[in-house]
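First residue of the sequence shown: 55, per the numbering used here; consecutive thereafter.
Heads up, the beta-carbon is just placed ideally off N, CA and C, and yes, glycines get one too.
Comments concern the structure below.
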Amino acid sequence: MTLDLSWILLGLPAAFVLGWLASRLDLRQLRIENRRNPKAYFRGLNHLLNEQQDQAIDAFIEAVQNDPDTSELHFALGNLFRRRGEYERAVRVHEHLLSRADLSEADRQRAQHALALDYLKAGLLDRADEALLKLEGTPYQTQARLARLANAERARDWAQAAQIARQLDQTEAGSFSARLAHYLCEQAAEAVRRADLAQAHELLQQAIATSPESPRPRLELARLQTQQGRPEVACATLEAALAAAPAATPLIAQQLASAALACGRAAAVLARLQEAYAQQPSLDVLDAIVTLDAALQSGADSRGWYVRHLEREPSLVAAARWIAGEKLEHEQFHPLVQRALEHAVRPLLRYRCAACGFEAKQHFWQCPGCQAWDSYPARRVEEL
Ligand SMILES: [Zn+2]
């Protein structure tokens, strides 16, 4: 019995010593691994700097395997995958980060943002929207809202776009009222297609109230009023547009001239357009003036307006319009000459996006080339 007890007394300290030795061995092993990690990390960095992305990814994967807790490495790896178009792998890395319980709040938000970018780049817009919504109330909120706005525009979901624009307008991201007016106009156009004219009216009135200096809502409201056989109301709407958005006069002039002729306000509107033309000569305003002048004094030669325009500035468009009504000495060749002139004039009558240079026969509120809003000046290519 005494012998057994002494063995136990001796054995206990020995077990402690062995345990302590084992723990030391573990620590040593860990230190060796930790020392290895930076090596793989720096190797990856070196490859990155040499633009060898494949080798960089291999090195980073090795480093991440050795130390799965390193969040910075995960971020670097995720971004690399996304840049290379390997969205599935990027998503896996960022989802793995998000699933970690020890991640700081800032890193969690960063990972959520990175995940949203993965989905955006992959074109998975529904999932991107879901991921972006989770960034509300974080420092990424404005960025996320702008991305969701671009998504809504792409999907032509104007009600959703309007809702996000309202949120953005309330934060410090700048004024979104002009954009909001466009979204309301797009919704009004949909209502017109559904033949819901009351709803279209309501939306256009909202658009005018949202952005009083935008020409589009009043132009579209006037078109609706003309369709409903109310030219005098349309004329008043267009005159208000002229006052609110003088830079858009060339876009308003022709529609205004037609409305004025239909409601007997030609003389007053002619005077108003002449005033606008004197301040800023423009081909479209000139055409509207000629239309009104010809109607008011039938039989008179209104082409004198084109000559007066040519005195102010050289314009092939004005010259072609004047020659069209002129009697030539060899009149039998006039159609041929006129055809050649019309052909030469056509490209000069286009509108050009100031942001990307895309040219179009008609004026666009949103460029079909670069998707920018209000990037088309109201003036033709010849006048730029
Ligand atoms: Zn453009």
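Please report the distance separating the alpha-carbon of residue i from that of residue j.
i	j	result
leucine 203	phenylalanine 230	11 Å
cysteine 289	serine 336	20 Å
phenylalanine 387	alanine 321	37 Å
glutamate 436	tyrosine 237	30 Å
cysteine 239	alanine 110	50 Å
glutamine 279	tryptophan 376	33 Å
glutamine 425	serine 352	45 Å
alanine 342	serine 429	24 Å
arginine 404	glycine 379	23 Å
proline 257	glutamate 190	Looking at the sequence provided, one finds leucine at residue 257 rather than proline. If I take the Cα positions, the gap works out to 28 Å.
arginine 319	alanine 348	14 Å
glutamine 282	alanine 254	12 Å
tryptophan 212	glutamine 259	16 Å
leucine 251	alanine 245	7 Å
leucine 157	glycine 139	26 Å
alanine 302	glutamate 383	40 Å
Taking 7 Å as the cut-off, is the CB of residue i close to at least one heavy atom of ligand 3?
i	result
alanine 409	No copy of ligand 3 occurs in the structure displayed; its ligands are ligand 1 alone.
Kindly identify the DSSP beta-bridge partner or partners of residue i.
i	result
glutamate 413	Arg406
tryptophan 427	Gln420
Would residue i pass as a contact of residue j if the rule is Cβ separation under 8 Å?
i	j	result
arginine 219	glutamate 267	Before going further, note that residue 219 is alanine rather than arginine in the sequence given. Going by C-beta atoms, alanine 219 is not nearer than 8 Å to glutamate 267.
alanine 235	serine 265	yes
threonine 291	leucine 305	no
glutamine 308	aspartate 338	yes
histidine 148	leucine 169	yes
glutamate 286	cysteine 317	yes
alanine 130	arginine 136	no
valine 323	leucine 370	no
alanine 113	leucine 127	no
alanine 206	alanine 215	yes
tyrosine 173	alanine 165	no
proline 271	alanine 261	yes
glutamate 396	alanine 372	no
alanine 314	leucine 340	no
arginine 406	leucine 364	no
Go ahead and pull the three-state DSSP assignment for residue i.
i	result
tryptophan 419	coil
threonine 291	helix
aspartate 172	helix
glutamate 184	helix
alanine 155	coil
glutamate 267	coil
aspartate 355	coil
alanine 165	helix
asparagine 104	coil
histidine 388	helix
serine 125	helix
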